[in-house]
Every structure is written in structure tokens, then in C-alpha cells.
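Single-structure report; data block below.
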Amino acid sequence: MSTGSVPNLLCFSYILFIFVALLCPRDVAADGVLGCGGFVRSDVDINFSLVEVKLYTPHGSIKYQTDCAPNTGYYLIPLYEKGDFVLKVEPPAGWSFEPESVSLKVDGSTDHCSLGEDINFRFTGFSIFGKVVSKGQDKGPTGINVILRKQGSSETLLTTVTGEDGKYTFAGVLPGEYDVKASQSEDFNFLQAEAKVTVTNDNTNTGNSIVIAGYKVKGAVQSEGEPIKGVNFVLFSSSFKKEDITGCEKSPLKGFTTTDNTSPLCYTSSSTDGSFTFPALPVGKFYIIPFYKGEHIRFDVLPGRLDIEVQHGPVTLKEIFQVEGFSVSGRVLTKAGGAGVSGATVLVGGKTVSRTEADGLYHLENMKTGTYRIQIQTDNIYFDEVTVKITPNTPNLPDILASDFKMCGKIVISQLPETLRQVTSQRRIIIIPQSKNMDASSAKADADGNFCAKVKPGIHVVQVHMTEEEKAAGLSIVPSEKTVTVTDKPVMDVTFSQFQAKVTGTVICLEKCGPVEISLESDRRGEVKQITQVKEAARGGTFQFDNVLPGKYKVTLLQDSWCWKEKTLDVEVASADLSGIEFTQTGYILKCSISHEIKLDFAHEKKEGTVGSFQLNKGTNRFCLAQPGVYRLTPDSCHKFDKDVFTYDTSNPELLTLAAVRHLMEGTVTTEELASDIQITVVSLVEQDIVNIGPLTTARKPPSTEKGAKPVTGPFVYKFTHWARSGERLEVSAKSKELLFSPSKAEILVHGDTCVGEVVKFTGKRGVFINGQIKPALAGVSVTVVAKDDSMDPIVMETVESGTFSVGPLHSSKEYSVSAEKTGYVLVKEDGQTASFKAYKLGQVSVQVMNEKDQPLSNVLLSLSGERQYRSNNVTGDNGTINFIGLSPGEYYLRPMMKEYKFDPASQTIEVMEGTTKKITIKGLRVAYSCYGSVTSLNGEPEQGVIVEAVGTDKCGSFQEESKTEPDGSYRIRGLQPKCTYTIHLKSDVNRHIERAAPKSQQITVVDSDFTDVSVIAFRRVNQMDISGNVITQEEHLPSLKVRLYRDETPDSPIHTVSLGTVTFFFLPSLPIDNEQYTIKLESSLSKASFEFTLPTVNFVANTSYQHHSIKFSPLRKSFDQEFIQGTSLFLPFSLLLAAAVYNYQKILPYLMRLRSQAQSMLAASQTDTSMSGTGDAGLGSDLQMKKKMKARKTS
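Those letters in the sequence shown? Residues -30 to -1, 1 to 1166, per mature numbering (1 follows the signal peptide of the UniProt record, and there is no 0), in order.
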């Protein structure tokens, strides 16, 4: 080995060491997928394969689940998104673990899963299950205390209470023999109260070993508030026999009989306090019949029957039985010997007491001896009031017969004549009876024409009264009169209707008329226009209008695609039907709308050449064609339309629209040298469409091959064209193997109002190339070339089989840096070379994942674990492969995972040799599918963090999946099962900021593919409240008013103040909807000396989106007389004092002089103090003030 090669070997060894260190075993996240795993551990022998570990969202939706390795308890769960989750261990029911769940906040960096730390669960014990059941049932009561003891011991180990259906559970029980016992109670009796159980290596179920025989049912009986002793209560049931009941008397009850031949189970009697008890009734339905019979009469006990249901617990009857009076019966008939009236209300003394049965029979319960007024009320039948005397000796009352029946009908007037000035709202009906001694009567119809009258049985003639004005206006009612016979039931179908005319006509067309409509419009204002369809006939078509009132009309043909002799005709309907109206077609209308000014050529299919060429303006153009048939229209313009030739068929008249879809764009490329590989790439920045143009050619002649010919010199110009869409933004670039172009690309906005013309010019110059090689030859090495001044984007390419690569053309004025890399290799740049590398390979495992169609499967999480705690989790890319590099020799365990797929093999052991590559192929079978979509607001902005839920229906009702939207509003719901229908909606209990969604929900049925574009619009909740108000006061007071808004927490600091000025209405700033208290106060600058007023306040809670408040302010001006009286009352005592001082001035003057001397002394002292502070004028001021006072005294 040469001396120079030793440093190189040392350098490579150091790089190799660093590379292997970087590839040390750890959990790896790729494409946002993390592996979250650990162990389930136990100190006793359990079957780890029965334990599942599941990943949930905080809202309880399952994201992924896996079972544990049967030998070690190891588990691994893939995470497809960051966020908050709950990891739960879910063993067979009754197995206990600590902890039961672990909350995860996956952020991709600091949590257990992102750091690759194990999350372990430890097994703590088994459970004892059982039920306390009611006899004959598989369920039992809740709330029964059950205790667990060691057999032969009185010490209570565990206590529990039965739950739903009587189930109980003791958790965390170690192997051993135990007694399970239920607590006794006076509310029920046990058939069996305890059970024995042995716990070994699994949960133990005691079954329905504890049984309750029955439950206590208790009630009471009274009469006018006093308890009654000796009332019998007979128990019946269709579900039980006598032997099923215990604790009550089963011998026959004297005098008691039943009408339906059912046998009682037993009976009990009330005690001195009026209570009665059935001590042990099993779960089921029963009914109790009270029986209380005297020597000659049976008294009523209410209720006469009471249904009860025992449901795994004692029953106390809320309704107290009452001993009342005796019973009588009667019948209500339509006539003597006639049918009974069913469902009639029976009133005694004006109060409802009973209803008749199907045969008219009624019963009066709890009656006492006396005379009663009985009234019968029912629909459409009338009865006279009867008076009867009721005693215990008259159990059956006389029959009550119908006296009158209701006769009803309707006057149908569908349309009133316009000439009627006034129409009666209640039309009169005249009823003339045909029997003697019966007078005619009348009734009034309501606004809808319905009428009813009360009539005696017999024959009646019914007429509708019409005014002379109505008859003159043409209003006619048919029939003029009806004869109605009333026997023993009401008559409800007497109908009168209005006469209306029929208007008919014909339509004559050049060909078949097809669908044509005719309208009929009255000259009278306010009447609704009628429209009818023309029916095809032998020569044209016919039309008809029904229910037409007399008057003048306009008949209009509603066909704008053809030319007509007349489109509107004036007609008049008198007293008969109208016919003979005729419309005749004269040609066809061609109407076309054109987006740009163009030249348009016309040609008829049955004529050679063109009909003509027209220069058409932008907008709508209209022509009338005399001949039917098909026309060809060819536009001639710099704009391209969606068709080269348009057709117009007169038999299918539609608006012909010619909208330009593309516009001609031109460009040039100028080079100093000839080039044969120049290509133009046009990319639509809107739709990402790519169009390649070229290779381009120049109009210059190629150089001559003859000897002595002069070489052709530049510049050379290459032209290209492209049809672009209106409003399209394009990116245009030029490329060549040997040329660089300036500019490198150009952005163009195509307006399309006129022809685009030339919009881009490129200039091409020759560039340089970087050539390199990988030794030994190695394909697939990623080579990156960057400019050292970062003036261009990195260029990345891969080597071919020979290991060589070439990058260019590049700008010759720049310096470049070249790097190379390949997974599983270390690449070292050769000394003195800029683009030559040596490659060194490590041991690795190459995994290829394919789907059922032998296509690469991406996003599969592959977990590789091995000796010395090696674990690595990676996700396959688009090619479905993963290379685990830097592997030490040894045995590794590989397991593929991806939601919606199952794999073959599900796991495998791999032996890795030094410096070798182990290739593994795994097949993935799709077993579930995804739903893709987005959630946006109404204005199209994405809604991030919204939970979208998929809930299975029908047989798939147990399936539920959910997803959270990304920052762009998109979501993906994984794991949807095939042959299942799901409802897609926003989850209501977690998206509290969302008020509603449109659509509210969507249903999808999964077959064998994903769903895309399942979009939802979310509407956020309004979180602010708007406030407005107005002040009710005189206009002159408005400038003095201000409105202030306060929080109750800060009543001295207003939030906002509004001055009214000259308007009464005001707005306050929006408040958050926080359910807090606020106050609006009104303040005024009016003088309290001139006005009397109170300032109102308004209190409200901010709990709605909008509130409006009205405030009254009513100041009263104080009158002048009151002010004058107050001033006078002060002036009077002052005047009296002044008069007294003048009268006694000789006595008062010495005192005033003495006060003056004292004041001067005080002022002198004050002057001395003020002189020290530099204000020497204070004394002078005081003297002046004294002089003024003295002067005032002399004046007075």
C-alpha cells in the first residue's frame, strides 16, 4: 500500500463510521406516518394474542387497532396524522390492566411515539360475572347489594351493586374459591340468595344463580278521605297460574263473578288503615278488580279496574281506590227503533259524565237518588234535553231520540265577473220544507261558500239566493234548486257550482307545430293570465281554454322562434262557448349570440354554395328564414370557437351561441447559430396543461454542402404559434440540448378581446456541461448540481447503468458544486475531481410492496426489528419500495401495516448477511376504502380542524370512522368497509364553533373504490351581538342627550358613549355573546332648576345576535309662578330684618364699629404675612372691601 493511500483509507473509515452511526436503530417517521408501540406484560400466564391495543380520537372514534405478538406481547400501531389521541388496551371482557389507557399528544418531536419510546400495559387480574334475576326472567333489578367472600370466611372482600339487567362484576380477583351472596330486603323474597364460584386462569361467570321469587305490591282504599276496611281486591293475569303466586288468598270469593270467564289468581282484603298488599308478585303484567258488595246493592269502587306491571322492583300504587255510588244505563237512538248513536257525549246537569258505546248504550256511574237533566251532544245530530228521576230501583233509563239533523253543502264560485262592484261575503241559502206545518228557513254560507243548517227529518227544497246585480253581470249558479231528503242521518253533500265558458282555436304551421303555448289574458286588470298547450292536428294544431268568464280577452301565441302573420288576437266571450280563433306561421327566426366581431358564412343543406357572408357584431343577431331546413354557419376569424362549423336546424329553434374559446398567440426565438432541437413549452398556470411545440425551423435556407460555399451566419429567427384561452395565464419557455435562452421563461396573460399577436421573444446562446462518473458503475445515484452563488434552483438527476451522468447546458460564467447520494451507500468524491465519486455498499434489506394488480403500493408502514433492540419503521414511496440500510448481520423480523390493507405474508423473519442486499416482495390486498373531500366556509375559505365523521347504516351500523381537516380544508376518512353505506357529516358534539352544514349529511355506498370530492360547506356560529335603540322624546331635547353603555362589573366606566344630536335612533358597538349583564343609561345636560325628569336605564344580557331597545325621556319644564313664589318667600324675612336694623341703628352701630376694629387688626396681621411672600397689595384690597361695606351700610 502506498503512503498516499493511507490517509484516504482512514478518511473513508471515519466517514463509514459516521454513516453507520447516523443509521443506528431507531423509529423513523416518513410522509407523516409514525410507529407507536410497546409491550403488554403479565406476571401470570395469559394468552397475549387475545389482547388488542386500539388508537382512539379524543372523541371516541377508533383510528387503528392491532393484536399483540403471542410470545412477547409486542404491538405496533401506525399513526397517519399528528394530534391528540388515546391509546387503550382492550383485552377480553373482565381482564384488568394498568394503565387502561394513555393520552397522547403527537407533535412529531417530543411525544413517546415520535421519540420511539415504549408504551407498556401490565395485566392485574380476572373478573367474576353474574346476574341477580327475577324468577322466570333472564334479567333482574338494579341496586341490589352483592358481596364476595372467601369460602369458609365471614370477611367481605369486595362489595358491588347490580347494574342494568341485574348484572354484577367483581374485578381484580385472584385465583381461588369464593362465595357470592345478595343482601335481603322486605321489598322482595329470594328463591336463591347465594352462589359458589372457583376462579382459575380466566374470568368466571356465575350465571343466573341468584333468583328473586317476587316483589311487594301495595295499595290503599278510601271513602271521602276515610280508610275502608274489608274491600276485596281480586288479582288477574293472562301470563300466570295460581301456583305461580304466593302470599294471598286463593279460595273462591263469595258473590264475585266475571263477564269474560277468566279465573282470578287470588285476592286480598284491605285492613283497618285501608291498605292492602300482595307480598310476592313475579315480574309481569296484572290487573286488579275491586269488589265491595252490600246486602242488596253493589257499590262502585273506582277505578273499576287497575292495570299494574311489576318490573324487577316493588310497586306502590299511586292511585287510591275510592268507594262511590251506584250505576244506571240508557240508550241514545237516531229514531224510535232506530240505530244507536256511537261516541255521543252524555252530560248530566251540564257536566260531561259518559260517552255512548257502538250500540248507543251509555252508563252513569256513582249516581245518587234524585232528578237529573240529561243532554246529548254529538257531531251533526241534535237532541232535546230530557229530565229523568234516577233511583237504585231504576237501573235502566228511557231511550233518548234525535230531534234534528245537520244539512251541509257548498257553493263553488271559482271566478267572479270583473264588473261586479260588490260581492256578498255571506251568501244566503233558502230551505223550503215540503211537509205541512213547517216554515221555510234560511242559512248563510261562509266566505269559502260552505253552509250548514239544522233541519227536521223530511223533504226539503234548497235554493241559492242571487242578487239582480249578480244576474246582470252574468254570474250563474247551477242547478237553480235541489231537493234533499233527510231521514235518520245528516246530509253533507249539497253542492252548487258556477257556469263558465270554453274558448277554442287552431294554429297553422309550415311544418308540424310541435310544442307551442297559447295565452289568454283578460282586459280586466288583476286577472290571472291562462296558458295552454297546442295539441297536434292534421294541419297544424288546436287549443282550448276552459272555465272562461264572459268578457274581452287577448289571445297570444307564445312562440318566439318562428315568424307569424299575427301573434295576438282580440276576442270576446258572451253567453256561449267561443271558437274559430286562428294563427298562421310565415317563417323561422334565427337568433345567434356572438362573443367577438366575426365574418360568418351561411349555407343551406339543399343548396350549393353559400347563402351569404355577413360581418356580424358582438352580441345578439336576429334573422327571419323563409325556408325550413338545416343551415351551415362557418366563422372566419383570428379567434377559434368550440366548433369549426355550426349548424342551425329550423325544426329545433334554439339560441345559437358562438363563444371564442382560444386566441392566436405568436412568438419568436433568435439565435446566432443554427439549431435543430429548439422546443417551446407552454404551461397553463391555471389548469397546469403543458403543450410542447417543436422542434422549430427557421425560414433561412440551410448552409450549402458545395465546396467554397460561404457559411450561413446568424442571426436565425424561429417562429411559433399557440392557441390560448381567454383570461389564461401562460408560462412560455424554450429549451435545447446545447443552448441557453434569455429570458428563461415568460409569463403572459391572454385577454382575448382582440387577436393576441406576438407576445414573447427569446434569445439563445450556447452553454457548458458537467460530466461525471460513479465507480464502480452504479445506477440510480442521485446527483445534485447547485450554483455556488445560489442563483439557480438545484438540478437533480440519476445515474444510468454505466454510472455516468451529464448535466447541462449551464452558464459558463458561474461556478458549480456537485454532490451524490444513494440509500444504502456511502459516496466519496475522488481527490482532485469535481464530478467523480467512489461508492461503498453496506448490508441492507430491500422490500417491494405490490398490490393485487402487481402495481407498487405506497404509504405502507414497514416495521423491521432485530437483535440488540433494533427497530425501524418506514413508509414506502410511490414505487412501493423501502431500503433498510446499515444493517448488522443477524436475524430481523419484518411486519407490513397500512390501514385498509391486509398483507401476504403478514410477517416474516429475514437473515441479513454482511455486505449483501436481501430482496423481499410483499403482496397487499385492499380490504377497505377512503373518502376524500374538503370543508370550506360559504366564501370558499378552508375550515381547518373540523371533525368529519362517517357512520355506517343498516347492517353496517357498528362501523364509524372520522378525520380532521387539514389547513387547506381537505380530509381523508380511511377504513370504509365495502358493501356498506355510510352517512358523511360534520360531527356535532365536537365542532362547537360550527352551527350547521350544507348539505347536513351525504350518503355513500362503498363498493370497490375510493370516493372523492365529497365537499361540505360549514356555517360558523355568530359570536357577536349588535345593539340598536331609539329615544322617544321631544325633538328640542335631543341635543342634550347622550347614551352610555356599561358592564355590570364596571358601573362607573362606560364602554361606549353616543351623542344623539338631531336623531332619535342610535347604534352601539358590537358585543361578544358572553351571557354577561350590561346596562344602557341615558344622560341629559338639561338644568334641574328648569326641568323635572328622571334618567331611564335598560338592563340586558348579551345572549342573542341582535337586540333593540326603546327609551322614553319625558322632562317637565318648571313654571315661572313657582320660581317667583320661592323668591318672594326669601325676600320677605330679609326685608323685615333690614327694617329692624334701620330702626335700631343707634344700638347696632357700636357693635358694627367694634367689628370693624377687629377686622382691621386681623387684616394687618394678614398683611404682614403676605408681605413676606411678596404680595403687598392684600391689605389695600381689604381696606377697599371695608370701604365698600361701609358705603353699603350708609346707603341702607
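Note that beta-carbon positions come from the ideal geometry of N, C-alpha and C, so glycine has one too. All figures in this text were calculated on a predicted structure; none of them were measured in a lab.
Whole-angstrom distance between residue j and residue i, CA atom to CA atom
i, j, result
"Ser179", "Gln154", "15 Å"
"Thr227", "Gly189", "22 Å"
"Gly484", "Thr620", "12 Å"
"Pro779", "Asp760", "17 Å"
"Val56", "Tyr237", "60 Å"
"Lys671", "Asp614", "35 Å"
"Ala372", "Ala423", "16 Å"
"Gly142", "Thr94", "6 Å"
"Ile855", "Gly8", "24 Å"
"Glu506", "Thr512", "7 Å"
"Ser772", "Ala747", "5 Å"
"Thr216", "Gly254", "15 Å"
"Pro387", "Met436", "14 Å"
"Ala163", "Val280", "20 Å"
"Val486", "Lys537", "12 Å"
"Ile114", "Val59", "30 Å"
"Glu87", "Lys872", "26 Å"
"Ala898", "Val921", "15 Å"
"Lys1157", "Leu1065", "For Lys1157, the predicted structure reports a pLDDT of 36, less than 50, and the residue's modelled location is therefore unreliable. A value from the coordinates is still provided. Distance between the alpha carbons of Lys1157 and Leu1065 is about 49 Å."
Distance CB(residue i)-CB(residue j) smaller than 8 Å
i, j, result
"Val753", "Thr769", "yes"
"Arg942", "Glu870", "no"
"Val815", "Ile880", "yes"
"Lys764", "Val777", "Looking at the sequence shown, residue 764 is not Lys but Pro. Cβ atoms of Pro764 and Val777: not closer than 8 Å."
"Val730", "Ile718", "yes"
"Val639", "Val702", "no"
"Gly850", "Met820", "yes"
"Gly734", "Ala669", "no"
"Asn993", "Pro948", "no"
"Asn171", "Asp13", "no"
"Asp458", "Lys305", "yes"
"Lys220", "Lys212", "yes"
"Ala988", "Ser907", "yes"
"Leu205", "Phe256", "yes"
Per DSSP, the bridge partner or partners of residue i
i, result
"Phe739", "Phe739 pairs with nothing; no bridge assigned."
"Thr36", "Val23"
"Phe226", "None, per the DSSP bridge assignment."
"Asn844", "Leu832"
"Glu636", "Thr691, Glu728"
"Pro403", "His430"
"Pro273", "Per DSSP, none; premise fails for Pro273."
"Asn448", "As written in the sequence, residue 448 is Val, which differs from the Asn given in the question. Its beta-bridge partners are Ser467."
"His1078", "Ser998"
"Phe711", "Gly734"
"Gln878", "Leu864"
"residue 1167", "Here the chain comprises residues numbered -30 to 1166, so residue 1167 is not present and cannot be evaluated."
"Val191", "Phe291"
Anticipated Cβ contact below 8 Å, residue i with residue j, distance rounded
i, j, result
"Ile954", "Ile1081", "In fact, because the Cβ distance is near 50 Å, the residues do not count as touching under 8 Å."
"Thr453", "Ser549", "Contact doesn't hold; Cβ gap of about 36 Å is too wide."
"Ile478", "Gln555", "7 Å"
"Phe641", "Pro681", "According to the sequence provided, residue 641 is Thr. The question's Phe does not apply to it. Thr641 to Pro681, Cβ: 15 Å. No contact."
"Ser207", "Phe140", "Going by Cβ atoms, the distance from Ser207 to Phe140 rounds to 36 Å, so no, they are not a contact pair."
"Leu628", "Cys533", "With 8 Å as the limit, Leu628 and Cys533 do not qualify as a contact, their Cβ atoms being about 23 Å apart."
"Pro623", "Gln649", "The pair is not a contact, with the Cβ atoms about 48 Å apart (cut-off 8 Å)."
Do the stretch 513 to 526 and the stretch 452 to 471 make contact, defined as three or more Cβ pairs closer than 8 Å?
yes
Do three or more CB pairs link the stretch 1070 to 1080 to the stretch 1012 to 1028 at distances below 8 Å?
no
Any chance the stretch 735 to 742 sits against the stretch 802 to 809, with 3 or more Cβ pairs inside 8 Å?
yes
Evaluate contact between the stretch 318 to 332 and the stretch 288 to 296, counting only Cβ atoms and requiring at least three cross-stretch pairs below 8 Å.
no
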